[in-house]
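Numbering follows this note's numbering, in which position 206 of the sequence shown is assigned residue number 208; successive positions increment by one, without gaps.
This report concerns only the one structure given below.
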Amino acid sequence: MMKDVIEQLHGRILGAEPGQALEQARLYGALLWAVDLGIYEAAALERHLVAQCVGLVTVPVASGTSRGCLHVVSEPYMQGGHTRLMERLAHMHEGPVDLLVARSAKPQVIERLNGYFAHIEVARGDDPCTRLQSIVDTLSQYDKVVLHIHPDDIITTVACGVLKQQRGAAVTVYFVNHADHVFSFGASVADVYFEISAYGHHLDKKKHLTCQKSFLAIPIETSGAKVPDAAPTHERIKVFSAASAAKYKPHGGLDMRPSITAILDRFPNAECWIIGANPLTNTWWWAVKLRYPTRFFIRRHLPYKDYLAFAEKADFYLDSYPIPGGTAFAEQLLKGRRCVGLVAPIQGYSPADSLKVAGVDQLLASIDQPQPIAPVVEAVQQVNSVEAVKARYLACIERGEYSENQLAAMLPWSGNLDFMKPTGKVTSMIPADVFDALCRMDTKLALRVLLSYAWVPRLKILIKVTLLRLAKFAKARG
Numbered sequence: 003m004m005k006d007v008i009e010q011l012h013g014r015i016l017g018a019e020p021g022q023a024l025e026q027a028r029l030y031g032a033l034l035w036a037v038d039l040g041i042y043e044a045a046a047l048e049r050h051l052v053a054q055c056v057g058l059v060t061v062p063v064a065s066g067t068s069r070g071c072l073h074v075v076s077e078p079y080m081q082g083g084h085t086r087l088m089e090r091l092a093h094m095h096e097g098p099v100d101l102l103v104a105r106s107a108k109p110q111v112i113e114r115l116n117g118y119f120a121h122i123e124v125a126r127g128d129d130p131c132t133r134l135q136s137i138v139d140t141l142s143q144y145d146k147v148v149l150h151i152h153p154d155d156i157i158t159t160v161a162c163g164v165l166k167q168q169r170g171a172a173v174t175v176y177f178v179n180h181a182d183h184v185f186s187f188g189a190s191v192a193d194v195y196f197e198i199s200a201y202g203h204h205l206d207k208k209k210h211l212t213c214q215k216s217f218l219a220i221p222i223e224t225s226g227a228k229v230p231d232a233a234p235t236h237e238r239i240k241v242f243s244a245a246s247a248a249k250y251k252p253h254g255g256l257d258m259r260p261s262i263t264a265i266l267d268r269f270p271n272a273e274c275w276i277i278g279a280n281p282l283t284n285t286w287w288w289a290v291k292l293r294y295p296t297r298f299f300i301r302r303h304l305p306y307k308d309y310l311a312f313a314e315k316a317d318f319y320l321d322s323y324p325i326p327g328g329t330a331f332a333e334q335l336l337k338g339r340r341c342v343g344l345v346a347p348i349q350g351y352s353p354a355d356s357l358k359v360a361g362v363d364q365l366l367a368s369i370d371q372p373q374p375i376a377p378v379v380e381a382v383q384q385v386n387s388v389e390a391v392k393a394r395y396l397a398c399i400e401r402g403e404y405s406e407n408q409l410a411a412m413l414p415w416s417g418n419l420d421f422m423k424p425t426g427k428v429t430s431m432i433p434a435d436v437f438d439a440l441c442r443m444d445t446k447l448a449l450r451v452l453l454s455y456a457w458v459p460r461l462k463i464l465i466k467v468t469l470l471r472l473a474k475f476a477k478a479r480g
């Protein structure tokens, strides 16, 4: 049913006037971002929208001097890997660079970003066409544009397309593929597609990309790297894992609970901690907690200082499963933790993945008889160190040199690109504002989206939209 909704929405976009088409395309991108339907790019739709909008936008006449390189972000955040990667890339430039925020940013986030960018501009405009013009006005002052956009940011994508249609090779667009495991706009306007993982490298084969590709990797601070001790140093083995709750949710027949119970059964002196899960709503953990009330612990959140102190006392870091924690696994390895985990369908974010094993028995063996770590630490430094990523990034940005994907070359591929596709009713949540906008655009279409969901997420969507509308109503009344 969701695929039918997507096809119907696609048809509406093609027949709509530019302002409506841009808003409908945002909803189209947001739905595909949230729900894996095997559609990972929309280059043809992007080109259609560029052709529609090119006559509505005025591209300023090129001046004799360019302001150099501009980074563009849809919406930056105080936390999370997306904004952190952008900050690190900005710091790698030899000279100052600027930032354009295409949507919005909280004042405290702008204050933080002032430490990374010489000048920050926020796009203006309450309607899509006005915002499009604002973005084009800023982009036109630069000859290099580095995109860190959200997967549904069609307005920035179209702005780049309009500018490239006018300026051609005078402007180069670099697309940092942050969300490399899901759909994203941007395929038609990128001159260079930056890869950050082996998983994204393999998924990109399903896209119709005509641009150059170059490998970056996610940078990790490796200057204080430690090689973990050969055996646990504490009388009681402490195993911990930290990730967002959704990464632990059983899916597609894959489940982390057998690993936890096997560890606690095999090692009577062990205790396991899950940081980031919700002990109240993540009901799949309840049976494990009841079985091991004094050795299995769940914490929804730990303040960062407490988290660091807690990690320092742990013996083993167990990566989240069935969805891994990305570079968190490698970061814990470099801090001296013994790292263990199961090979996940989504994989290939650092050489530390080579420490993961296929089954629970092998997992127990990797705790009992730890693998040699020094070669893995060295490989992480070669691929993911800030210095290595900087060298690859500047080689591409400044000299037009492209790097092969080292992770795809060194890690055996056993991933499943279809893992997140729904096999029955949809369970992956869409944002409340997206569903609210769908309701206002076409009630019948919104109802079809809602009916494609399983009962629990369906109720969650209705509750969140109700709360959103109440908040808007309260704000409107002052």
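Cβ atoms here follow ideal geometry from the backbone N, Cα and C, with glycine treated the same way.
Note that the structure is a prediction, hence the values are computed from the model and not measured.
Where the beta strand (DSSP E) through residue i begins and ends
| i | result |
| --- | --- |
| Ser243 | 240 to 244 |
| Trp35 | Trp35 -> not in any beta strand (DSSP E); alpha helix (DSSP H) instead, spanning 20 to 36. |
| His150 | 146 to 150 |
| Ser216 | 214 to 217 |
| Ile300 | 298 to 301 |
Pairwise C-alpha distance: residue j and residue i
| i | j | result |
| --- | --- | --- |
| Ala247 | Ala172 | 45 Å |
| Tyr201 | Ala411 | 12 Å |
| Ala313 | Phe196 | 32 Å |
| Ala311 | His180 | 29 Å |
| Val178 | Asp6 | 30 Å |
| Trp275 | Phe299 | 5 Å |
| Phe242 | Leu16 | 50 Å |
| Ala381 | Pro353 | 6 Å |
| Leu335 | Cys341 | 6 Å |
| Ile8 | Gly328 | 29 Å |
| Ser368 | Gln143 | 55 Å |
| Gln81 | Gln110 | 12 Å |
| Met258 | Asp267 | 15 Å |
| Gly402 | Lys207 | 22 Å |
| Lys146 | Thr174 | 5 Å |
| Val378 | Ala244 | 21 Å |
| Asp420 | Phe185 | 13 Å |
| Asp355 | Leu413 | 8 Å |
| Leu440 | Asn418 | 31 Å |
| Lys307 | Asp317 | 18 Å |
| Ala192 | Tyr176 | 6 Å |
| Gly21 | Thr132 | 9 Å |
| Pro281 | His303 | 11 Å |
Beta bridge counterpart(s) of residue i as assigned by DSSP
| i | result |
| --- | --- |
| Leu101 | His73, Ile122 |
| Val428 | Tyr455 |
| Glu273 | Lys240 |
| Phe177 | Leu149, Tyr195 |
| Lys208 | Lys208 is not bridged to any residue. |
| Cys341 | Tyr319 |
| Thr228 | According to the sequence as given, residue 228 is Lys; it is not Thr. Lys228 pairs with Lys337. |
| His50 | Answer is none; His50 lacks a bridge partner. |
Residue range of the unbroken alpha helix (DSSP H) whose run includes residue i
| i | result |
| --- | --- |
| Cys162 | 156 to 169 |
| Leu447 | 445 to 453 |
| Leu320 | Not the alpha helix (DSSP H): Leu320 falls in the beta strand (DSSP E), residues 318 to 320. |
| Thr85 | 83 to 94 |
| Ile137 | 130 to 141 |
| Lys291 | 288 to 293 |
| Arg401 | 388 to 401 |
| Arg114 | 109 to 115 |
| Arg479 | Here Arg479 belongs to no alpha helix (DSSP H), and DSSP marks it neither H nor E. |
Test item: CB-CB of residue i and residue j under 7 Å
| i | j | result |
| --- | --- | --- |
| Leu102 | Val74 | yes |
| Leu452 | Arg442 | no |
| Leu58 | Pro130 | no |
| Met431 | Asp38 | no |
| Pro62 | Ala107 | no |
| Arg394 | Leu218 | yes |
| Ala18 | Gln10 | no |
| Val229 | Gln214 | no |
| Val428 | Ser454 | yes |
| Glu48 | Ser190 | yes |
| Ala120 | Asp100 | yes |
| Ala434 | Leu409 | no |
| Arg293 | Met3 | no |
| Val359 | Ser261 | no |
Neighbourhood of residue i by C-beta distance below 6 Å, restricted to the same chain and skipping five residues each side
| i | result |
| --- | --- |
| Ile399 | none |
| Arg238 | Asn271 |
| Lys291 | Phe298 |
| Arg105 | Ser76, Glu77 |
| Ile375 | Val229, Pro230 |
Close-in-space but distant-in-sequence residues of the same chain around residue i (CB under 8 Å, 5 per side omitted)
| i | result |
| --- | --- |
| Lys462 | Met431 |
| Ile222 | Thr329, Ala332, Glu333, Leu336, Ser352, Val382, Asn386, Ser387, Val388 |
Cβ neighbours of residue i in the same chain (closer than 7 Å, five flanking residues each side left out)
| i | result |
| --- | --- |
| Pro153 | Gly31, Trp35, Ala181, Val184, Phe185, Ser186, Phe187 |
| Lys510 | No answer is possible for residue 510: it lies beyond the span of the chain, which begins at 3 and ends at 480. |
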